[in-house]
Amino acid sequence: MSLDENVLSQLTQDTKREYHLHYQDKVYSLEDVVVTKSPMPVNKPTTRGGVYSINDKEYKIKGTIHDLSLVPFISKMMLGPNTEFQEIPIKIQVEIDGKHRSCTLFTYLINTMNNSSKIIFNLLIVRTKIE
Numbered sequence: 128m129s130l131d132e133n134v135l136s137q138l139t140q141d142t143k144r145e146y147h148l149h150y151q152d153k154v155y156s157l158e159d160v161v162v163t164k165s166p167m168p169v170n171k172p173t174t175r176g177g178v179y180s181i182n183d184k185e186y187k188i189k190g191t192i193h194d195l196s197l198v199p200f201i202s203k204m205m206l207g208p209n210t211e212f213q214e215i216p217i218k219i220q221v222e223i224d225g226k227h228r229s230c231t232l233f234t235y236l237i238n239t240m241n242n243s244s245k246i247i248f249n250l251l252i253v254r255t256k257i258e
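Residue 250 in my numbering sits at position 123 of the sequence shown; the count goes up by one each step and never skips.
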């Protein structure tokens, strides 16, 4: 499976869609979702160091969950120092060729921000699956 550019392109233009994040047999409603396409930064060792961009693009999701029961699990979900992170599925409905289809976006958690009422998730879409 890879990224379906047609579906992801639809998502960057549509803000009125329901997103459901699945984690440990629970479903969380992801609200205020924005899907963006941006250049993929690449770290390249040089004598000066730095970050360079390549032609590839990546899709990211930013969304809010108001269920704070996820806070204790964030460090286990996060991409980075944790070696046991896993893909986080987000399920949506999309229209393809005039038919409503179920689509799963498999993501990695990049970072979060939270306060006393919500968690804002920033996720990287790594692959899609259309059923």
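Here a beta-carbon is modelled for each residue, glycine too, at the ideal position from N, C-alpha and C.
Fair warning: this is a prediction, and the values are worked out from it, not measured in the lab.
Assuming residue i and residue j are in contact, meaning their beta carbons sit under 8 Å apart, how far apart are those beta carbons, in whole angstroms?
i    : j    : result
Y186 : L148 : Not really, about 16 Å apart at Cβ, beyond 8 Å.
I188 : V160 : 6 Å
Do residue i and residue j have their C-beta atoms closer together than 8 Å?
i    : j    : result
I223 : I257 : yes
L284 : I246 : In this structure the chain extends from 128 to 258, so residue 284 is not present and cannot be described.
Among the candidates the options, whose CA atom is the shortest distance from the CA of residue i?
i    : options                   : result
S229 : K153, T142, S156 and T255 : T255
V253 : V154, T231 and N241       : T231
P199 : T142, N241 and V154       : N241
Please state whether DSSP places residue i in a helix, a strand or coil.
i    : result
F200 : helix
Q213 : coil
L148 : strand
L138 : helix
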